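Chains as they are written, first to last, in our numbering: chain W, 767 to 1204; chain V, 124 to 377. Quick reminder that beta carbons are idealized off the backbone N, C-alpha and C, glycines included. For clarity, every value in this text was computed on a predicted model and none was experimentally measured. These notes are about the structure you will find just below.
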């Protein structure tokens, strides 16, 4: 407890130092937002396993580590290294190194008309009318103390803005790298993705570590879809096995919009990803998928909340987890159907395969339904690979070990194959395949 | 040339319960044998034991496949050697497309035979040729294996796998169950197209209906874990007419 208090004081002192030295210069609305984040974090501090939402995820290792503030990156990073991480070339990309936007590694010139790509930090310096409307409007600081902390330190991240009725064909890649210089440090990337009415785009957000050190990433992304907008949002967390990763992705959808979201956790010693979605317009559709592939002593906690605020919305949720060795997965699937959100159609599935006796998974559906004419289903499985399916494969000539690999791959492919943009699907398929082979 | 399949005094049990109590059967290349019998007589157990299901324990007897000790082989070795079981209840494989699965299976078999593995392009050519041979389209080739398939589609998929793997000995376990007459005819036609002098089939069924379309050379009646009666294809019609009761040993005695 003392340790937690000390840690809280340490973060608050860092914050005061930062806002005192002029680095945090900002318009008043942003100062107010940061202040609210600071006050919230000062009031609640770090979560503990005594809280229901954190019952299975102990952040003591994060609390107990004194992270250094980010420093300027020393060693240059090649664009080949960036492409290797992203699985290929990318015409539209923004790269952040140790929390700071790297124009040299990014490719934001000549985007199609109607697409604005840039660093949120630069946009904030230029006043940013549209930003005041959106930043901090969706990701709530009272939902998660790490979101409050991110908001208090809100400084930089990616800004993707697609104008009304504009369709961006090529995927937009956002890469958040922690370099060798960032080891032992922490970053608070904050991103905002806006698709105005009728816009279409796909965005891939990747978090990676160069080298194998320990660091903390505390990321928040807000994703806004106007009426009739269509987005694919793929988030890949593949940081080092020693890293800590705390994150919130908060989406907000208008009428008749459609979001396909996929959250993939491959890295980090300890990671938690809150995936929150609000369906706030009739006819909105959400496909909320996720995949974890973990080994060693890795821990992942996917905490999802889907809020059906309006009638005639659909949400389909599928999270698959593959856990080897002593790895552990936690899944919470909260679905809230607000009064009046009639004709809601919601389906939640969480499947976990345990590849060893010591692996563990916990799955908790939480349905809160305040409307009476709705269809909500949920189901979860936790267990080893199905021996009947293994036998079936063996009777087709596939050896026992190859059958296990095929079945495990299929378990991952069940999620990967749902990505509708071929480039995203193929790159993720290769990445997951390599991870499974390791 | 040893027989394709030679079963002698086969006894097998599951969870301590003896299901097969001395089965004898010889199947030669080019032959189609039907195994009929009432529910619970051990038909499916026999099929599963031949495929090597780990839940069944063979307690006595022997099974030779082309002279080799079949019971000494793992399920995948049996498949690689040319034994195929078309399941009564095919299972779904999440996330794995039929095409991917079929190629993995065919390549395992080819590898075991010392033949080169096929890349995806070559495999598509093989698959198209097989589909053409049995007169089917590729409508479920790119769907996950048996996931969301109708009963008829699952059974068709078993036959497609058989066509691709070209087994020497195919055991069809209740391939007719759950099929309407049109689906049954479709499946039977495909099976007939795959008949050849160099392969053999064992068709396990409860009803004679399937045997109107897959005409067997021999019919055997399995009752209480033993073959109690064998005959030609007319025996199936007699069973359809008179039921199974008269074939039971105690009935025969009276």
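Please state the DSSP three-state secondary structure of residue i.
| i | result |
| --- | --- |
| residue 991/W | strand |
| residue 936/W | coil |
| residue 1227/W | Here chain W has residues from 767 to 1204 only, and residue 1227/W is not among them. |
| residue 828/W | helix |
| residue 1147/W | strand |
| residue 150/V | strand |
| residue 1176/W | helix |
| residue 917/W | helix |
| residue 981/W | coil |
| residue 1083/W | strand |
| residue 264/V | coil |
Closest to residue i by C-alpha separation, out of the options, would be which residue?
| i | options | result |
| --- | --- | --- |
| residue 921/W | 969/W, 986/W, 857/W and 859/W | 986/W |
| residue 1041/W | 1054/W, 940/W, 1175/W and 1160/W | 1054/W |
| residue 145/V | 134/V, 181/V and 354/V | 134/V |
| residue 1048/W | 1108/W, 938/W, 896/W and 962/W | 1108/W |
| residue 269/V | 281/V, 259/V and 258/V | 281/V |
| residue 165/V | 328/V, 368/V, 365/V and 364/V | 328/V |
| residue 1118/W | 1094/W, 811/W and 853/W | 1094/W |
| residue 1083/W | 845/W, 1070/W, 898/W and 1140/W | 1070/W |
| residue 865/W | 948/W, 818/W and 817/W | 948/W |
| residue 352/V | 124/V, 317/V, 371/V and 139/V | 371/V |
| residue 148/V | 126/V, 318/V, 339/V and 307/V | 126/V |
| residue 1194/W | 1149/W, 1115/W and 1182/W | 1182/W |
| residue 276/V | 366/V, 289/V, 305/V and 292/V | 305/V |
| residue 872/W | 885/W, 919/W, 950/W and 881/W | 885/W |
| residue 1146/W | 1122/W, 1114/W and 1167/W | 1114/W |
| residue 998/W | 1018/W, 966/W and 887/W | 966/W |
Enumerate in chain order the residues of its own chain whose CB-to-CB distance from residue i is below 7 angstroms, with the five nearest sequence positions on each side excluded.
| i | result |
| --- | --- |
| residue 171/V | 179 |
| residue 946/W | 841, 976 and 977 |
| residue 1170/W | 1151 and 1156 |
| residue 300/V | 211 |
| residue 911/W | 807, 810, 811, 812 and 813 |
Below 7 angstroms on C-beta distance, what does residue i contact in chain V?
| i | result |
| --- | --- |
| residue 1200/W | Neighbours of residue 1200/W on chain V: none; closest Cβ ~17 angstroms, over 7 angstroms. |
| residue 1177/W | 217 and 218 |
| residue 1165/W | 199 and 231 |
| residue 1172/W | 219 and 227 |
| residue 1180/W | 217 and 218 |
Taking Cβ-Cβ distances shorter than 9 angstroms, what residues in chain W pair up with residue i?
| i | result |
| --- | --- |
| residue 246/V | The contacting residues do not exist; residue 246/V stays about 14 angstroms from chain W at best. |
| residue 210/V | 1158 and 1161 |
| residue 288/V | 1162 and 1163 |
| residue 284/V | 1162 |
Which bits of chain W does residue i rub up against, with CB to CB less than 7 angstroms?
| i | result |
| --- | --- |
| residue 176/V | 1157 |
Using the C-alpha atoms, what's the distance from residue j back to residue i?
| i | j | result |
| --- | --- | --- |
| residue 803/W | residue 1129/W | 30 angstroms |
| residue 834/W | residue 792/W | 23 angstroms |
| residue 211/V | residue 825/W | 50 angstroms |
| residue 253/V | residue 336/V | 21 angstroms |
| residue 1105/W | residue 1133/W | 14 angstroms |
| residue 996/W | residue 1186/W | 12 angstroms |
| residue 892/W | residue 1097/W | 40 angstroms |
| residue 908/W | residue 914/W | 7 angstroms |
| residue 1179/W | residue 1067/W | 20 angstroms |
| residue 896/W | residue 1001/W | 24 angstroms |
| residue 1062/W | residue 1008/W | 11 angstroms |
| residue 226/V | residue 1162/W | 10 angstroms |
| residue 363/V | residue 218/V | 42 angstroms |
| residue 1026/W | residue 367/V | 57 angstroms |
Grab me the residues of residue i's own chain with a C-beta within less than 6 angstroms of its C-beta, minus the 5 sequence neighbours each way, in chain order.
| i | result |
| --- | --- |
| residue 941/W | 861 and 972 |
| residue 341/V | 156 |
| residue 1112/W | 1081, 1101 and 1142 |
| residue 1072/W | 1043, 1081 and 1101 |
| residue 137/V | 178 and 179 |
| residue 184/V | 131, 132, 133 and 134 |
| residue 1203/W | none |
| residue 1004/W | 974, 1032 and 1033 |
| residue 322/V | 291 |
| residue 856/W | 939 |
Tell me which residues share the same chain as residue i and place their Cβ nearer than 8 angstroms to its Cβ, disregarding the 5 neighbours each side in the sequence.
| i | result |
| --- | --- |
| residue 778/W | 804, 807 and 808 |
| residue 231/V | 199, 202 and 203 |
| residue 771/W | 811 |
Shorter than 6 angstroms, the distance from the beta carbon of residue i to the closest heavy atom of the ligand FAD, or not?
| i | result |
| --- | --- |
| residue 1080/W | Ligands are entirely absent from the displayed structure, and the ligand FAD is therefore not among its contents. |
Cβ closer than 8 angstroms: which chain V residues qualify as neighbours of residue i?
| i | result |
| --- | --- |
| residue 1168/W | 227 and 231 |
How would you list, in chain order, the residues of chain W whose beta-carbon sits under 8 angstroms from the beta-carbon of residue i?
| i | result |
| --- | --- |
| residue 214/V | 1152, 1154, 1155 and 1158 |
| residue 203/V | 1163 |
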